[in-house]
């Protein structure tokens with residue numbers, strides 16, 4: 001009887017872990033710290049995550065998330081299980097589409113997760129594994145070592161494209177995005193992006209220093225705006241404006 005009970009426990013544990021396509025020791029605690037006790041399901045069918053087959057440059061790892069198959073998505077959160085700064089971005093998706101593209105830093109090989117909340121409140125989890133030798137989170141930025149760093153800080157550029165009813169916004173800003181994980185370096189990073197139409201706020205996006213230095217972003221929306229502009233704000237009270 002004891003043997004039967006043991007095998008039942010093993011079966012249940014195996015079945016539970018099989019629901020998570022990429023097992024990691026930190027996932028359960030991380031997802032609980034982000035969404036509490038709210039319900040979630042693993043849903044790689046409806047969430048596309050693109051990462052390199054191997055990230056040979058751990059300080060600049062391109063990622064792309066597309067969760068447009070989830071209708072009426074409300075919020076998108078992206079995190080990397082095994083990064084010392086796990087959470088990457090938190091953005092509402094009622095006006096913006098649940099699409100995000102940028103470069104991130106990775107400390108080691110890690111699962112990348114996209115949490116997408118639908119209109120019923122249920123969270124959908126997409127997963128992809130970033131293969132890398134790591135070391136990208138504890139390196140000083142090249143930008144901050146530039147002798148003319150202060151001249152370039154906050155320089156922005158971007159472009160807006162319209163295609164088949166979709167407005168694509170590409171934007172970048174010169175910023176070191178320091179993690180504060182190096183001795184003698186303090187956190188210095190863009191923590192907020194405000195996307196506006198004239199003076200009217202479209203969406204507010206929250207970032208962490210897990211984003212790579214001199215970050216580049218792609219956002220998309222189905223809405224039409226006549227006076228798009230972006231305000232990048234960092235944790236040192238600096239603001240940098242991008243007008244299209």
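In my numbering, the protein residues as written are 1 to 244.
Where is the CB? At the ideal position from N, CA and C, for every residue including glycine.
Just the C-alpha distance for residue i and residue j, rounded to the nearest angstrom, thanks.
i, j, result
"residue 95", "residue 163", "17 angstroms"
"residue 213", "residue 130", "19 angstroms"
"residue 219", "residue 168", "6 angstroms"
"residue 229", "residue 204", "12 angstroms"
"residue 174", "residue 242", "12 angstroms"
"residue 238", "residue 149", "15 angstroms"
"residue 249", "residue 87", "Coverage of the chain is limited to positions 1 through 244, which leaves residue 249 absent and any answer about it impossible."
"residue 215", "residue 180", "17 angstroms"
"residue 39", "residue 123", "6 angstroms"
"residue 41", "residue 126", "9 angstroms"
"residue 206", "residue 23", "27 angstroms"
"residue 160", "residue 121", "31 angstroms"
"residue 132", "residue 210", "15 angstroms"
"residue 29", "residue 135", "23 angstroms"
"residue 171", "residue 217", "5 angstroms"
"residue 222", "residue 98", "11 angstroms"
"residue 37", "residue 202", "29 angstroms"
Should residue i be labelled buried (16 or more other beta-carbon atoms within 10 Å of its own) or exposed?
i, result
"residue 142", "exposed"
"residue 43", "buried"
"residue 184", "exposed"
"residue 11", "Residue placement at residue 11 is poorly supported in this model, since its pLDDT is 42, which falls under 50; the coordinates still yield a value, given next. Exposed, because fewer than 16 other Cβ atoms sit within 10 Å of the Cβ of residue 11."
Starting from residue i, follow its DSSP beta bridges and name the residues at the other end.
i, result
"residue 193", "205, 232"
"residue 158", "171"
"residue 99", "66"
"residue 86", "Paired residues: none, contrary to the question."
- Taking the runs of the alpha helix (DSSP H) that are 4 residues or longer, which of them lie wholly in the region 15-46? 27-35
- Does the region 67-82 come close enough to the region 108-126 that 3 or more CB-CB pairs lie under 8 angstroms? yes
- Query: Can you give, in chain order, each stretch of the alpha helix (DSSP H) that sits fully within the region 119-144 and has at least 4 residues?
  - Reply: Unbroken alpha helix (DSSP H) stretches of 4 residues or longer found wholly inside the region 119-144: none.
- Would you list, in sequence order, the uninterrupted beta strand (DSSP E) runs of no fewer than 3 residues that lie entirely inside the region 41-77? Runs of the beta strand (DSSP E) inside the region 41-77: 48-50, 61-66.
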